[in-house]
Amino acid sequence: MAKTKLERLADRLRACPAPPGTKIMEVCGSHTVAIRRFGIQRLLPATVKLVSGPGCPVCVTPDSFIDEAAALARQGVIVASFGDMLRVPGSRTSLEKERAAGCDIRAVYSPLDALRIAEETGKETAFLAVGFETTAPAIAAIAIRARERGIANFSLLTALRLVPPALKALIASDTELSGFLLPGHVSAVIGRQAYDFLPSHHLPGVIAGFGAEDIISSLLLLLAMHNKGIYKVMNNYPRVVRDDGNPTSRTVLAEVFTTADAEWRGLGVMPQSGLELRPAYAALDARRRFTVRVQPGADRRACRCGDVLRGLIDPPACPLFNKACRPDQPLGPCMVSSEGSCSAWVTYG
Amino acid sequence: MDKVLLAHGGGGSKSAELTRLVFGRFLRDPLLLALDDAAVLPGGGRPGGVFTTDSFVVKPLFFPGGDIGRLAVCGTVNDMAVMGAEPLYLSIGFIIEEGFPVAALEKILASIAAACRESGARIVCADTKVVEKGKADGLFINTSGIGRPAFKKPVLASRVRPGDVVLINGPIGLHGMSVLTARGEFGLRASIRSDVAPLWGLVKTCRTLDVPFMRDPTRGGLAQTLNELAQGKRFGVRIEESELPIPKNVAAVCDLLGFDPLHVANEGKVVMVVGRRDADRALRLLRRHKLGKGSRIIGAITAANPGRVVMATKTGSERIVMPPVGEILPRIC
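Going down the list, the sequences are from chains A and B. Take any residue in the first sequence, count from 1 to its spot, add 23: that is its number in our numbering. Take any residue in the second sequence, count from 1 to its spot, add 1349: that is its number in our numbering.
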């Protein structure tokens, strides 16, 4: 039987030469899942290792954020969130448990649903604004709409994060990486130009889509550049990503948000790596509208999500992995999120 | 575990945990502990009959391709059918919320009657309770059923052997995605028709063949069913991604929302493990029935990977297939 195009690409990846110790980071959680779902990690030459990066929004959101959301819910505020967040353990509780205890916590698929809940119930409703450059523009658009319509019972609890500052911090701390598989959807907003800092660090990058062909062909491009010592950022997802990204989305973002230092789980506080509401939108800030003081929780000492998120270890190197911490009983966020590296390792092998 | 979470009702590993840690401490009849879709009752040395029960809380009550009434009949009929039993008698119980429109109730009853005619089962006892407004979401239904084993060789997972083939009677993921899109929560306009259907007419075409295992992949989808088959066994299951019948609209919605089509519920599908020598005959017989036109072989039982489900991917690689965890989509049936 004739081989399909995909099988031929897979053969090329299996046979692709690469120097020992080649380490490529897939930044985005959706890539982590896609790679393992298609079994692409098993096609790599023995000298190439793929590590997951900090591109899973649930994973990098610190415990204290869950504690804040739970505190809001206990005050009687309707908390609307992307479903993945509900099972994430905070330092003492999870939103799933708070919901079973009687709090009004709702899983939504878009911030628009959250705004609709606010309008329909007339009750104080807070949306957990979590995610990267991909989700941030839709959230900004909702903020604009809420202000225009004068919806006074809607607010945002923000923990939005930006990808390029995180990559810069990673590069500064770890020089063993050979290149980046760059996120397709984030890049659709920020454009290829946002990664122009990579070549000066002698690192290639390829923006990739999420199909098996997209990922394999992007890995082939990365390995080719790495082998030849070429340091460029290539856009292998041109059907979605433009060099300058989506200027309209960025305008909306800039209208509502400004950059600020932000804490990432496992990575600490990174300069200008988060988004917070501009003063004109301060009325929508749940932290201003309500008192959401939380006490710092105990450290998750055995959990090594932080090291997983920096690509320092593979999930099985964590002593809790698939033992105390399993998809049905997650302790760390990388196991909770369907985009988390630990979850992907257990789910797809 | 101190509170029941929605995730405990998802049919996946969380449900199993609730069954094991709570129910299993109190209800310990050996027939129940077999944890099959229906209990096989003793009958003087030969299997006397099968007995099963199921409750239905689907939201919304009406969705493209069916409604809660059709689902309540098919769910119980199919639980018996996959035990190799002809469904004979059903009981039905309604819990209705005060204020529920009689017109909607009549529509549901008409669909129950139609599903009974289609499946050959008779509803022979019924009960109704009404609760105050706000204490139930419109209408809940429970059905129980009694059936008569009709397969020549016993449908028993312990008879499954490496080399047996795995069949399914058509495209997967339709029911789950139908209900999901019918809720209109995502502004999705796709109208996906549920596959909800009574399966006895289809599966009985294979009653003289060697069929050691059948299961309807409902909550938890194909991944759940295949894992239940493999777990703790000395064989593995290997399926081929390129052979999986996943409709384009199901794949598209799954992609958008981050679901795995293998985790999505079906209500008119049966997974059959058939002895290798009977595989071709089974395919021919199934394809002759209107519910089996899309029947195909999707994999095989292997000596390798005991206890696990492995999928050969389209890239020529492979991956593990795990059952879903927790609440994928609450109130799908």
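A virtual CB, placed ideally from N, CA and C, is assigned to each residue, including glycine. Please read all numbers here as calculations on a predicted model, not as lab measurements.
Taking 8 angstroms as the CB-CB cut-off, is Thr1574/B touching chain A?
-> Output row for Thr1574/B: interface = no.
Starting from Leu1611/B, follow the alpha helix (DSSP H) in both directions and report where the run begins and ends.
-> Neither: Leu1611/B is in no alpha helix (DSSP H) and is coded neither H nor E.
Provide the residue span of the beta strand (DSSP E) that contains Val131/A, from first to last.
-> First-last of the beta strand (DSSP E) with Val131/A: 128-131.
Does the separation of the CB atoms of Gly1442/B and Asp1476/B fall below 8 angstroms?
-> Asp1476/B sits close to Gly1442/B, with the two beta carbons spaced by under 8 angstroms.
For the beta strand (DSSP E) that Asn258/A lies in, which residues bound it at each end?
-> Per DSSP, Asn258/A belongs to the beta strand (DSSP E) from 256-258.
Inspect the CB distances between the segment 167-176 of chain A and the segment 196-211 of chain A and report whether three or more fall short of 8 angstroms.
-> Cβ pair count under 8 angstroms is below three, so no.
With a cut-off of 8 angstroms on the beta carbons, I'd call Pro1511/B and Ile1650/B a contact; round off their distance for me.
-> That pair is a contact at about 5 angstroms.
Are Leu190/A and Ile230/A touching if we call contact CB-CB under 8 angstroms?
-> Inclusion of Leu190/A and Ile230/A in the CB contact set at 8 angstroms is not warranted, their separation being larger than that value.
Using the Cα positions of Pro1379/B and Asp337/A, report the straight-line distance between them to the nearest angstrom.
-> Each residue's alpha carbon lies about 43 angstroms from the other.
Short CB-CB distance (under 8 angstroms) between Tyr132/A and chain B | The beta carbon of Tyr132/A falls within 8 angstroms of a beta carbon belonging to chain B, placing the residue at that interface.
Would you call the CB atoms of Ile1444/B and Lys1478/B closer than 8 angstroms?
-> Yes, they are a contact pair.
Would you verify that the beta carbon of Ile1669/B is, or is not, closer than 8 angstroms to some beta carbon of chain A?
-> Interface residue, yes.
In chain B, which residues lie less than 9 angstroms from Ile239/A when you measure between Cβ atoms?
-> Per Cβ cutoff of 9 angstroms: Thr1664.
Run down chain B in chain order and give the residues with a C-beta less than 7 angstroms from the C-beta of Tyr371/A.
-> Within 7 angstroms Cβ-Cβ: Arg1668, Ile1669.
Across which residues does DSSP place Tyr1438/B in a beta bridge pair?
-> Arg1471/B, Ile1495/B.
Out of curiosity, what's the CA-to-CA distance linking Ile1461/B and Val1422/B?
-> Between Ile1461/B and Val1422/B, the C-alpha separation is close to 6 angstroms.
Bridge partners - Arg349/A, DSSP secondary structure assignment | Partner(s): Gln352/A.
Close-in-space but distant-in-sequence residues of the same chain around Cys1474/B (CB under 6 angstroms, 5 per side omitted) | Hits under 6 angstroms: Ser1440.
Would you kindly work out how many angstroms separate the C-alpha atoms of Arg1508/B and Gln1580/B, rounded to a whole number?
-> Using only the alpha carbons, I get a separation of about 15 angstroms.
Compare the beta carbon distance of Val153/A and Ala192/A with 8 angstroms and say whether it is the shorter of the two.
-> With respect to Ala192/A, Val153/A sits apart: the two C-beta atoms are not nearer than 8 angstroms.
Can you name the residues that DSSP bridges to Thr55/A?
-> Looking at the DSSP output, Thr55/A sits in no beta bridge, so it has no partner there.
Give me the Cα-Cα distance between Val186/A and Thr1662/B, rounded to the nearest whole angstrom.
-> So the two alpha carbons sit approximately 31 angstroms from each other.
In angstroms, rounded to a whole number, what distance separates the CA positions of Val1528/B and Val1613/B?
-> Going by the C-alpha atoms only, they are around 11 angstroms apart.
Ser1666/B vs Phe61/A beta-carbon contact at 8 angstroms | Taking 8 angstroms as the Cβ cut-off, Ser1666/B and Phe61/A qualify as a contacting pair.
Let me know if Pro1561/B comes out buried or exposed under the rule of 16 or more other beta-carbons within 10 Å of its beta-carbon.
-> If you draw a 10 Å sphere on the C-beta of Pro1561/B, you find 16 or more other C-beta atoms in it, and that means buried.
Assigned secondary structure, Gly207/A (DSSP; H/G/I helix, E/B strand, else coil) | Gly207/A: helix per DSSP, three-state reduction.
Glu49/A CB to nearest chain B CB: under 8 angstroms?
-> No, Glu49/A lies away from the interface with chain B (no Cβ there is under 8 angstroms from its Cβ).
Helix, strand or coil at Pro77/A [DSSP, three-state] | Strand.
Specify the secondary structure class of Asp1476/B as computed by DSSP and reduced to three states.
-> Reduced to three states, the DSSP call for Asp1476/B is strand.
Residue range of the alpha helix (DSSP H) that Thr1651/B falls in?
-> Thr1651/B -> not in any alpha helix (DSSP H); beta strand (DSSP E) instead, spanning 1645-1651.
Within its chain, find whatever has a CB closer than 7 angstroms to the CB of Gly1392/B; leave out the 5 residues flanking it on each side and keep chain order.
-> Here the set comprises Gly1398.
When the Cα atoms are used, what is the spatial distance from Gly291/A to Ala163/A?
-> Computed Cα separation, rounded: 25 angstroms.
Closer than 8 angstroms, CB to CB, is Pro350/A near chain B or not?
-> Chain B, which has a Cβ nearer than 8 angstroms to the Cβ of Pro350/A, makes this yes.
Say whether the segment 1517-1528 of chain B touches the segment 1595-1608 of chain B, bearing in mind that this needs 3 or more beta-carbon pairs closer than 8 angstroms, one atom from each stretch.
-> Three or more beta-carbon pairs drawn from the segment 1517-1528 of chain B and the segment 1595-1608 of chain B are found closer than 8 angstroms, and the two stretches are therefore classed as touching.
At a CB-CB cut-off below 9 angstroms, which residues of chain A make contact with Glu1589/B?
-> Contact of Glu1589/B with chain A by beta-carbon distance below 9 angstroms is absent, the smallest such distance being about 13 angstroms.
Mapping DSSP to helix, strand and coil, what is Phe1372/B?
-> In this structure, Phe1372/B counts as helix in the three-state DSSP scheme.
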